[in-house]
Amino acid sequence: MKNKKLVPIGLIVGFANGLFGAGGGTLLVPALQKFMKFETHKSHATALAVILPLSVISAIIYTWGADADWKIISLVSAGGVCGGVIGAKILNKLAAWWLNILFGLFLAVGAVRMLFA
Amino acid sequence: MWIWYVIIGFASGIVSGMGIGGGAILIPALTIFLDISQQKAQNINLLYYIPTALIALRVHKKEGNIEKKGLLPLILLAIPGTIAGALIAVNIDANYLRKGFAIFLLCMAIYELKKGYEKWKTRHSKDLNPASKAQIPTKKSESM
Numbered sequence: 000m001k002n003k004k005l006v007p008i009g010l011i012v013g014f015a016n017g018l019f020g021a022g023g024g025t026l027l028v029p030a031l032q033k034f035m036k037f038e039t040h041k042s043h044a045t046a047l048a049v050i051l052p053l054s055v056i057s058a059i060i061y062t063w064g065a066d067a068d069w070k071i072i073s074l075v076s077a078g079g080v081c082g083g084v085i086g087a088k089i090l091n092k093l094a095a096w097w098l099n100i101l102f103g104l105f106l107a108v109g110a111v112r113m114l115f116a
Numbered sequence: 004m005w006i007w008y009v010i011i012g013f014a015s016g017i018v019s020g021m022g023i024g025g026g027a028i029l030i031p032a033l034t035i036f037l038d039i040s041q042q043k044a045q046n047i048n049l050l051y052y053i054p055t056a057l058i059a060l061r062v063h064k065k066e067g068n069i070e071k072k073g074l075l076p077l078i079l080l081a082i083p084g085t086i087a088g089a090l091i092a093v094n095i096d097a098n099y100l101r102k103g104f105a106i107f108l109l110c111m112a113i114y115e116l117k118k119g120y121e122k123w124k125t126r127h128s129k130d131l132n133p134a135s136k137a138q139i140p141t142k143k144s145e146s147m
């Protein structure tokens, strides 16, 4: 019963992550909570694990034939790794509603900027 | 300036590590402030995500936050979708992709804010608000 729901979730999450190069986790977190009844913090952590192999596949397709700027990628990744540890450590210290509000605000700011910039 | 890439990566990394969508910061920041094309920014996000998620996942695994149930089927099911999405992305106009991405973010933002507000209204003992605990002294302790 629950497993059948994995099919549309998987396909849609994969498609979004491939198309937008991001946002698969954004869809997956609420889907895991709503359809798989995962607890909020576990949904966030598990979404990271699902998106990782998808990002590897998408990255190969994106990088294939394109001129990837490895200097920028290394710099952004260096910052990302440091931030990633901090983010993972503070996840458990935040209440669930805080996560939703923070997440929503980040998304809204990004969306508005991209629509009107 | 190279330091901006590190700062943007760092800020996005915190958000990515929490599993709340670092790409939503990284991609707009790269396209708006550093004038990088949509496809290129998406590519950077995908590549940056690999080491960032790996290191964050180690922390999450130690804290027992990874749910293994359904993990593998979910990944396998998502792979064809990912390939289709990525192939479309590398072949369409950057402007369309950018607007589509923005609308996608906006829909998710509304959903998340609504849910956060609902949860905030029905806060329970796990919340970090001391006032709410003080008012309900006989609250059941939550088993973790």
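As they're listed, the protein sequences go chains H and X.
The C-terminal residue of the first sequence carries number 116 in my numbering, and the numbering is unbroken.
The C-terminal residue of the second sequence carries number 147 in my numbering, and the numbering is unbroken.
Cβ coordinates follow ideal geometry from the N, Cα and C atoms, glycine included.
Going by DSSP in three states, H:V12 sits in which element: helix, strand or coil? Numbered from 1 along the first sequence, position 13 holds the residue referred to as residue 12 of chain H. Assignment of H:V12 by DSSP, reduced to helix, strand and coil, places it in the helix class.
For the alpha helix (DSSP H) that X:I95 lies in, which residues bound it at each end? Start at 1 with the first residue of the second sequence, and residue 95 of chain X comes out as number 92. Looking at the DSSP string, X:I95 is not in any alpha helix (DSSP H), and its letter there is neither H nor E.
Would you check if there are 3 or more beta carbon pairs closer than 8 Å linking the segment 3-22 of chain H to the segment 75-89 of chain X? yes
Please report the distance separating the alpha-carbon of X:L116 from that of H:A77. Mapped onto the second sequence, residue 116 of chain X falls at position 113. Mapped onto the first sequence, residue 77 of chain H falls at position 78. Cα to Cα, the separation comes out at about 31 Å.
At which residues does the alpha helix (DSSP H) containing H:W63 begin and terminate? Here residue 63 of chain H refers to the residue found at position 64 when the first sequence is read from its first residue. H:W63 -> no alpha helix (DSSP H), and no H or E assigned at all.
If I measure Cβ to Cβ from X:A44 and keep anything under 6 Å in the same chain, skipping five residues before and after, which residues do I get? Your numbering for residue 44 of chain X matches position 41 in the second sequence. Cβ within range, chain order: I30, L33, T34.
CB contact below 8 Å: H:K88 versus chain X: Within the first sequence, residue 88 of chain H is the residue found at index 89, counting from 1. So, interface residue.
Is H:R112 close to chain X, meaning its C-beta is less than 8 Å from at least one C-beta of that chain? Against the first sequence, residue 112 of chain H aligns to sequence position 113. Closer than 8 Å to some Cβ of chain X, the Cβ of H:R112 qualifies, so yes.
Closer than 9 Å, Cβ to any Cβ of chain H: which residues of the segment 12-31 of chain X, in chain order? G12, F13, A14, S15, G16, I17, V18, S19, G20, M21, G22, I23, G24, G25, G26, A27, I28, L29, I30, P31
With 8 Å as the threshold, decide whether the Cβ of X:Y52 is near any Cβ in chain H. Counting from one through the second sequence, the residue named residue 52 of chain X turns up at place 49. Cβ-Cβ to chain H under 8 Å: yes for X:Y52.
Pairs of beta-carbons, one from the segment 9-20 of chain X and one from the segment 39-59 of chain X, closer than 8 Å: are there three or more? Counting Cβ pairs under 8 Å, three or more are found: they touch.
What would DSSP say about H:M113, mapped onto helix, strand or coil? Indexing the first sequence from 1 puts residue 113 of chain H at position 114. Correct three-state label for H:M113: helix.
CB H:N99 to CB X:G119, shorter than 8 Å? As a position in the first sequence, residue 99 of chain H is number 100, starting the count at 1. As a position in the second sequence, residue 119 of chain X is number 116, starting the count at 1. Cβ atoms of H:N99 and X:G119: closer than 8 Å.
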